[in-house]
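Taking it in order: structure first as structure tokens, then the write-up.
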Amino acid sequence: MWRYVEHLAYCREVLELEDGFRLSLGDDDVIVMCHEKTPTETLEKWLGEILRVEGAAVRPDLLSRTTNSVVHIGVIDQSTQITWLYIEDPAPPIKPLPKPNPVVEFKNVVVEHVAPTFIAVDGQRVSTAMAAHISAGSIIDLRAERSLVDGQLDSIWISRIGSIRPVVPPTKTVQQIIDEKFINQRVSIKGTVEHCFVTESTLELSLKSDGKSVLVRMPVPEKRQQIDQLSRQSVARVTGLVYAIKPAAINPVELNVSDIDDVVVAEFPLQLQPNQVRWTAVGVAAAILMLLSWYWVLKRQVQKKTRELNSSTSRIAAASEAVRDGMLIFDADACVRLASDKIGEALGVEITQGTSQAKACAIIQNVLRDGQEFTMMWMESFADPDAIVEREFALKSRGNVAIYSAPIFDRQQRFDGRIWTFEDITQRKKLEAETLQSRKLSAVGRLAGGVAHDFNNLLQVIGTNLSLIQRDSTSQKTSSQFQPLEEVSAAVNRGAELTKQLLTFARTSNVKCKPTNINDLLERTGAILNRTLGEHIRLSLALSPTIPPAEIDAGQLEQTVINMCLNSRDAIGRQNGSIQILTRHDAQPQAKSMVVIEIRDDGCGMPADIAEKVFEPFFTTKDLDEGSGLGLATSRGAIEQMGGHIECSSIPDEGTVFRIHLPCSTRPISETGLKESSDLSPKRRPLDVLLVDDNAAIRCAVEALLLTLGHQAETAENGREALRMLDDRAYDVVLLDLSMPDMSGWQVLQAIRETHPNQKVVVCSGYSSEADQMMSGNINPDAYLDKPFPLEALDEALCRVT
13 MWRYVEHLAY CREVLELEDG FRLSLGDDDV IVMCHEKTPT ETLEKWLGEI
63 LRVEGAAVRP DLLSRTTNSV VHIGVIDQST QITWLYIEDP APPIKPLPKP
113 NPVVEFKNVV VEHVAPTFIA VDGQRVSTAM AAHISAGSII DLRAERSLVD
163 GQLDSIWISR IGSIRPVVPP TKTVQQIIDE KFINQRVSIK GTVEHCFVTE
213 STLELSLKSD GKSVLVRMPV PEKRQQIDQL SRQSVARVTG LVYAIKPAAI
263 NPVELNVSDI DDVVVAEFPL QLQPNQVRWT AVGVAAAILM LLSWYWVLKR
313 QVQKKTRELN SSTSRIAAAS EAVRDGMLIF DADACVRLAS DKIGEALGVE
363 ITQGTSQAKA CAIIQNVLRD GQEFTMMWME SFADPDAIVE REFALKSRGN
413 VAIYSAPIFD RQQRFDGRIW TFEDITQRKK LEAETLQSRK LSAVGRLAGG
463 VAHDFNNLLQ VIGTNLSLIQ RDSTSQKTSS QFQPLEEVSA AVNRGAELTK
513 QLLTFARTSN VKCKPTNIND LLERTGAILN RTLGEHIRLS LALSPTIPPA
563 EIDAGQLEQT VINMCLNSRD AIGRQNGSIQ ILTRHDAQPQ AKSMVVIEIR
613 DDGCGMPADI AEKVFEPFFT TKDLDEGSGL GLATSRGAIE QMGGHIECSS
663 IPDEGTVFRI HLPCSTRPIS ETGLKESSDL SPKRRPLDVL LVDDNAAIRC
713 AVEALLLTLG HQAETAENGR EALRMLDDRA YDVVLLDLSM PDMSGWQVLQ
763 AIRETHPNQK VVVCSGYSSE ADQMMSGNIN PDAYLDKPFP LEALDEALCR
813 VT
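See below:
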């Protein structure tokens with residue numbers, strides 16, 4: 013029971029802790045405990061002084077006793093100043109202070125052993141009343157007095173108790189302890205228990221080690237079972253402090269053990285009675301029979317599992333060979349368990365079974381362009397068993413490979429390896445690039461078609477008014493005065509040609525194919541090129557006489573050949589060079605029969621990355637004022653509309669070859685030539701013409717052309733108005749624009765064919781794909797005009813339909 017007490021005594025020892033302190037007072041073993049941090053200077057001031065203590069104490073009856081029992085006095089009021097502990101001055105000392113002994117200091121030493129009345133540090137025993145508050149392995153600062161009489165150390169100050177370090181004592185034999193005089197140090201000794209003595213407070217063991225006895229003393233444990241383990245002839249390992257060494261005594265070494273836990277029993281003696289022996293024999297026999305039965309059962313299960321494993325391995329091997337991808341399977345030890353032969357096809361390397369993952373990584377890394385990124389992915393996948401990775405890499409040789417990896421788990425969901433697949437995606441990447449290019453061309457084509465329609469309308473207005481001005485000025489102006497008008501007319505024609513190139517590139521121009529003799533066309537084109545290429549370039553033709561006619565648009569093909577030869581001239585530069593044009597018949601048994609035109613030059617050539625882009629729109633290696641980048645793109649568009657295709661191959665510093673593949677024709681070549689018409693057709697009767705166009709400028713300009721030709725014209729700005737006018741009266745010809753809002757020209761033509769089936773209709777448009785769609789239907793116009801159309805073309809169309 014706790015009671016309030018007062019006590020007067022001198023301070024014999026101080027223990028400084030992180031959360032307070034402990035004081036040992038007088039010879040009565042009174043311990044003062046405080047959980048309030050106090051400055052070190054104050055504690056040093058108290059050491060050796062007479063202190064009066066007020067506080068709550070346990071077992072207060074012991075205060076008057078001079079025994080080794082301990083009385084603990086604790087703090088009852090920490091909120092105010094320390095009034096419960098102060099120096100009694102000038103109170104006489106309770107006990108005369110002895111003559112000062114020399115003080116020994118230990119800094120940052122490890123407590124090797126703790127006994128009830130002392131501790132062991134640095135191979136020395138130090139008596140202390142604070143042993144119960146110190147643990148073995150603690151790091152402390154210690155001050156102790158060395159007795160002038162017997163040389164023993166008595167603690168007066170303990171502070172800076174740090175974290176506990178594990179104290180691993182050395183294992184010694186008895187002879188080593190005697191020879192090395194291993195006194196006051198912890199050791200570990202293994203021996204056989206000979207005797208065990210238990211007193212009221214002490215447990216003594218007699219341990220036989222290497223033929224010599226060791227006396228072991230320790231406090232009596234609380235549990236009796238711990239003592240029962242230390243039976244005679246049991247083998248135990250004891251860890252304790254060498255307390256005394258007496259070579260001539262029966263027990264030459266004495267050990268002090270802090271706790272029963274420092275005694276570990278390794279072996280127990282086997283003590284069997286006859287009855288126990290019989291039952292033991294029966295148990296052993298039963299165990300042997302059971303083991304034999306288990307052996308046979310396990311043997312059959314192992315054989316079954318082996319067959320299943322072999323079958324599974326065979327199936328995996330067959331599956332890996334059936335799959336088009338290369339495959340590597342690693343086991344849990346990161347070694348190749350299975351490697352398919354397709355690895356060589358995908359990567360061009362060989363990896364065999366049993367290869368380590370590090371070596372396999374190095375082999376694969378050497379064939380990839382970005383080997384470092386692959387190595388990082390490889391290491392991350394093996395570091396994380398659950399990781400699933402997938403990435404595409406470019407090979408150092410031409411091609412690409414897709415690499416995928418996933419973990420393998422057994423039936424208990426334990427990691428059992430990793431699978432890697434390597435897919436050759438070279439063709440897929442090529443198809444993706446072609447698809448992307450096709451989409452780009454389609455988008456540019458739609459843009460080109462829209463631009464061409466509006467641009468042709470502008471050119472129609474300009475060209476028509478220019479034609480009218482020229483007709484009115486021909487008789488009044490001189491040739492020098494008439495030249496500006498001709499230049500404007502040439503600019504209109506160039507604009508119309510540019511629009512035609514855009515539409516050809518966009519695959520929306522109206523390509524008119526007919527059977528044509530390719531050799532004759534190339535001979536005519538060669539004559540033009542001889543005057544164009546220059547004297548430093550030699551043009552030669554090697555035309556096969558056996559090639560069949562081809563189904564082509566002669567004008568588009570001629571323009572394509574001229575365009576490619578001009579590019580060859582630019583590649584040759586100012587040096588002497590040659591251009592050769594060849595023809596041949598490519599008749600494959602399983603393919604369509606084609607006529608091939610090859611255009612070869614010995615110019616500077618192109619690297620592979622440039623040759624791949626020559627047919628892209630607006631791509632050019634020339635200066636900005638020398639080329640638009642549409643020439644080859646337009647040529648490819650025209651050839652593909654004819655049902656053919658173009659190839660390009662080039663070697664730097666050697667030259668370039670263009671190959672044009674054109675479909676052969678099954679129809680005979682028509683002998684009818686082009687009609688050489690005069691400026692205008694002979695005079696005919698005037699016509700009543702209904703002009704339908706949503707563009708007011710075009711209506712005004714075309715109406716003037718019709719009046720110039722001697723016809724009567726009325727206009728309508730949309731399809732509904734035109735249909736109302738047709739219901740009111742009849743017209744000889746309807747001149748109908750296809751691209752109109754609200755009601756398109758196609759819808760107007762359908763309505764005219766339903767209500768006025770005999771009405772003559774000439775359609776015109778600046779976007780030729782509209783006419784192509786109309787011509788492919790069941791309802792066709794009587795004639796078609798491409799915008800911008802000149803006066804002569806309009807007159808010819810009207811004459812043809814009337």
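The numbering of the sequence shown is this note's numbering, which starts it at 13 and goes up by one.
Just so you know, even glycine gets a beta-carbon here, dropped at the ideal spot from N, CA and C.
As the structure is a prediction and not an experimental result, all values here were calculated from the model.
For residue i, collect the residues of the same chain with a Cβ closer than 8 Å to its Cβ; drop the 5 residues on either side in sequence, then sort them by chain order.
i: Leu242; result: Val205, Cys208, Leu217, Ala248, Val275, Val277
i: Pro560; result: His597, Ser605, Val607, Cys676, Ser677
i: Leu761; result: Leu748, Val773, Val775, Met786, Ile791, Pro793
i: Leu735; result: Val760, Ala763, Ile764, Thr767
i: Glu688; result: Here the model assigns Glu688 a pLDDT of 38, short of 50, so the residue's position is not dependable, and the following value carries that caveat. Correct list: empty, nothing qualifies.
Closer than 6 Å by C-beta to residue i: which residues in its own chain qualify, once you throw out the five before and the five after it? Chain order, please.
i: His548; result: Asn588
i: His657; result: His673
i: His47; result: Asp31, Gly32
i: Ser171; result: Glu28, Asp153
i: Ser647; result: Thr572, Asn575
i: Ile437; result: Asn412, Ala414
i: Val116; result: Ala156, Arg158
Residue range of the alpha helix (DSSP H) that residue i falls in?
i: Asp807; result: 803-813
i: Gln592; result: Taken as a continuous stretch (DSSP letters only), Gln592 belongs to no alpha helix (DSSP H), being part of the beta strand (DSSP E) at 589-598.
i: Lys202; result: That residue, Lys202, is in no alpha helix (DSSP H); its beta strand (DSSP E) goes 198-210.
i: Lys364; result: Rather than Lys, the amino acid found at residue 364 in this sequence is Thr. Where Thr364 is concerned, there is no enclosing alpha helix (DSSP H), given that its DSSP letter is neither H nor E.
i: Lys57; result: 52-58
i: Ile540; result: 530-545
i: Ser159; result: Segment: none, Ser159 is in no alpha helix (DSSP H) and carries neither H nor E.
i: Arg765; result: 757-767
i: Gln384; result: 383-395
Between residue i and residue j, is the Cβ-Cβ spacing less than 8 Å?
i: Val701; j: Val745; result: yes
i: Val773; j: Leu748; result: yes
i: Glu25; j: Thr140; result: yes
i: Asp428; j: Ala370; result: no
i: Ala200; j: Thr214; result: One point to set straight first is that residue 200 is Ser, not Ala, in the sequence displayed. No, these two residues do not count as a Cβ contact at 8 Å.
i: Glu628; j: Ala645; result: yes
i: Val269; j: Val250; result: yes
i: Gly366; j: Lys354; result: no
i: Met752; j: Asp706; result: yes
i: Gly360; j: Ser409; result: yes
i: Glu563; j: Gly655; result: yes
i: Val504; j: Leu471; result: yes
i: Ala358; j: Glu435; result: yes
i: Val819; j: Gly149; result: Only positions 13 to 814 of the chain appear in this structure, which leaves residue 819 out of reach.
i: Pro527; j: Ile651; result: no
i: Ile611; j: Phe670; result: yes
Leaving aside the five residues before and after residue i along the sequence, list all residues of the same chain whose C-beta is less than 7 Å from its C-beta, in chain order.
i: Ser368; result: Ala346, Cys347
i: Arg812; result: Ala795
i: Phe342; result: Val348, Arg349, Gln369, Gly429, Arg430
i: Ala805; result: Leu797
Let's see if you can read the secondary structure: which residues bound the beta strand (DSSP E) around residue i?
i: Met818; result: Lying before the first or after the last residue shown, residue 818 is absent from the chain, which here runs from 13 to 814.
i: Ala554; result: 549-554
i: Val121; result: 115-126
i: Asn268; result: 265-268
i: Lys429; result: For clarity, residue 429 is Gly in the given sequence; the question names Lys instead. From DSSP, the beta strand (DSSP E) with Gly429 extends over 427-436.
i: Val773; result: 772-777
i: Glu659; result: 657-663
i: Ser36; result: 32-37
i: Gln188; result: Careful: Gln188 lies outside any beta strand (DSSP E), inside the alpha helix (DSSP H) at 186-192.
i: Cys46; result: 42-46
i: Gln136; result: 136-139
When the cut-off is 8 Å and only beta carbons count, does residue i lie next to chain D?
i: Gly203; result: Among the protein chains of the structure shown there is no chain D, as only one such chain exists.
task = Give a yes or no on contact between the stretch 534-554 and the stretch 649-668, applying the rule of three or more CB pairs nearer than 8 Å.
result = no
For the stretch 36-51 against the stretch 147-157, are there 3 or more C-beta pairs whose distance is under 8 Å?
no
- prompt: Would you call the stretch 245-259 and the stretch 292-302 touching, i.e. three or more CB-CB distances under 8 Å?
  reply: no
Open item on the list: I'd like the ranges of any beta strand (DSSP E) spanning at least 3 consecutive residues and lying wholly in the stretch 687-748.
Closed with: 700-704, 724-728
I'd like to know if the stretch 404-418 and the stretch 379-394 are in contact, where contact means that at least 3 CB-CB pairs between them fall below 8 Å. yes
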